[in-house]
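The structure appears below as structure tokens.
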Amino acid sequence: MTEVNSEIAQRQNWMSLLARGDVEHFERTWSGIDLKPDYDVLRAADTGMVMVRGRAGGDGQRFNLGEMTVTRCSVRMRNGIIGHAYLAGRNKRQATLAAIFDAMLQAPGCLDTFKASLLDPIQDALAKKQSNTDRKVASTRVNFFTMVRGDD
Amino acid sequence: MNLNSPPDQPLAGFIEPVHDAQRVFRTILDAMSHPGKIISLEDLPESPYPLHPVSTAICLSLVDHETPVWGDAEIAVSGQAMTHLKFHCGCPVTADPKEARTILISQPQDLRSFDQFCIGTDERPDLSAMVIVQVDSLVSGSGVKLTGPGIRGTRKLKVEGVGDTFWQSVIDNNKLFPRGVDLILTTPTALVCLPRSTEVGV
């Protein structure tokens, strides 16, 4: 059971990274693969809208925050493994590549092969972006103090 | 059918989703406007057993989240058929034939009547189901005599692979008008429509 859960968590992790990756990085990785696996497109990349819902404070009433543009794609490799991708925006090529990578990573042993070349750079880029934002936020930080008055 | 695909996984859908769905929709519209006219369809998508490629194409064009699907025993057992439709159409699958708006029948020999399905009400006849019946073959020019809207004079249609009670249940269905189901009979490559308005003379 735990093994299944950790497999799911692993896949969630790489799918989330693939959704936020950069299409040029995907193209470079794809063209760097010598033996490109054959695949069939189950559901060609298509763009649509999904309603994003939120809760104030995480536990309030649900409300519709707004619609966002999402592109999705599903492919099937010749070994029968199916890969899916859902990502923000309208880049169909990126969705197709992300779905192919999702299918490839599910094959045994492939995660180790592609982690360094495919996933780590995305992780690093995201971490860098986050630390930049953190730094900018920190530099304009204002601390509020409550003066304690002598009430007694 | 793709042999590499495990039996519980969906197959590929339309290659050009928009154009293929429009093309199939036009064909169904043509067939529904001319009851009893046999129309063949080409460039069909992959189809899970036991669905005919034509039945699959009709479902991919018409079925969506508002039209729950019910399949007879053979289709329900196959699993892949329903997985395929859920994946591509986003439709709910129901075990209650009254609740379904799309009915798929692969073994019409066992079919007794159509009023086990949703036939709509006098106020809302549009709420009725569309019934896709898979048959062995369709031949025009002989067989039962069809009359009604969309048919100039009469048209003859011979259907193989259905049980003895099939035509009686089509006649009973017509008597329910304006309620009743709309039938689409399919072979692997062709279809013919029998809307509820069509009268059958055996």
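Chains as they are written, first to last, in this note's numbering: chain Y, 1 to 152; chain X, 1001 to 1202. By construction, the Cβ of each residue, glycine as well, lies at the ideal position given by its N, Cα and C atoms. The structure presented is a predicted model; accordingly, all values stated were derived computationally and were not measured.
Asked: Where X/Pro-1045 meets chain Y, residues with beta-carbon distance less than 9 Å; Found: Near X/Pro-1045 there are no residues of chain Y at all, since even the closest Cβ is about 11 Å away, more than 9 Å.
Asked: Contact under 9 Å by Cβ, X/Met-1082 with X/Ile-1103; Found: no
Asked: Residues bridged to X/Val-1200 (per DSSP); Found: X/Leu-1146
Asked: Per DSSP, the bridge partner or partners of X/Ile-1132; Found: X/Leu-1104, X/Ile-1184
Asked: Continuous beta strand (DSSP E) assignments of at least 3 residues falling wholly in the stretch 41-108 of chain Y; Found: 62-77, 82-88
Asked: Continuous alpha helix (DSSP H) stretch holding Y/Leu-126: start and end; Found: 120-139
Asked: Rounded Cβ spacing between X/Thr-1056 and X/Pro-1045 (contact assumed at less than 8 Å); Found: 6 Å
Asked: Boundaries (first-last residue) of the alpha helix (DSSP H) holding X/Arg-1026; Found: 1017-1033
Asked: Interface flag, Y/Leu-42 vs chain X, CB-CB below 9 Å; Found: yes
Asked: The stretch 1147-1165 of chain X / the stretch 1089-1106 of chain X touching (three or more Cβ pairs under 8 Å); Found: no
Asked: Any beta strand (DSSP E) of 3 or more consecutive residues that is wholly inside the stretch 1043-1080 of chain X; Found: 1069-1071
Asked: Short Cβ contact (9 Å threshold) for X/Thr-1189 with X/Ile-1058; Found: no
Asked: C-alpha distance - Y/Arg-72 paired with X/Val-1135, whole-angstrom precision; Found: 36 Å
Asked: Below-9 Å beta-carbon distance, Y/Ser-74 vs any chain X residue; Found: yes
Asked: Rounded straight-line distance, which links the Cα of X/Gly-1153 to that of X/Val-1144; Found: 14 Å
Asked: 7 Å CB neighbourhood of Y/Leu-18 in its chain, flanking five on each side removed; Found: Ala-85, Ala-98, Phe-101, Asp-102
Asked: Under the three-state DSSP convention, the category X/Ala-1190 falls into; Found: strand
Asked: Residues near X/Leu-1003 by beta carbon distance below 6 Å, same chain, minus five either side; Found: Any reading at X/Leu-1003 must be qualified, since the residue scores a pLDDT of 46, below 50, and its modelled position is unreliable; the value itself is stated next. Counting only Cβ-Cβ distances below 6 Å, and skipping sequence neighbours, we find nothing.
Asked: Residue closest to X/Gly-1150, alpha-carbon to alpha-carbon, out of X/Pro-1097, X/Pro-1035, X/Ser-1113; Found: X/Pro-1035
Asked: Minimum C-alpha distance to X/Lys-1158 - residue among X/Thr-1121, X/Ile-1038, X/Glu-1042; Found: X/Ile-1038
Asked: Continuous alpha helix (DSSP H) stretch holding X/Arg-1152: start and end; Found: No alpha helix (DSSP H) contains X/Arg-1152, which DSSP labels as neither H nor E.
Asked: DSSP-derived helix/strand/coil call for X/Val-1139; Found: strand
Asked: Residue environment, Y/Asn-64, which counts as buried when at least 16 other CB atoms sit within 10 Å; Found: exposed
Asked: Exposed unless 16 or more other CB atoms sit within 10 angstroms - verdict on X/Gly-1180; Found: buried
Asked: 8 Å contact criterion, which X/Ser-1061 and X/Phe-1087 should meet: CB distance rounded; Found: X/Ser-1061 to X/Phe-1087, Cβ: 15 Å. No contact.
Asked: Cross-strand partners of X/Val-1159 (DSSP beta bridge); Found: X/Leu-1138
Asked: 9 Å Cβ cutoff, Y/Ile-100 in contact with chain X; Found: no
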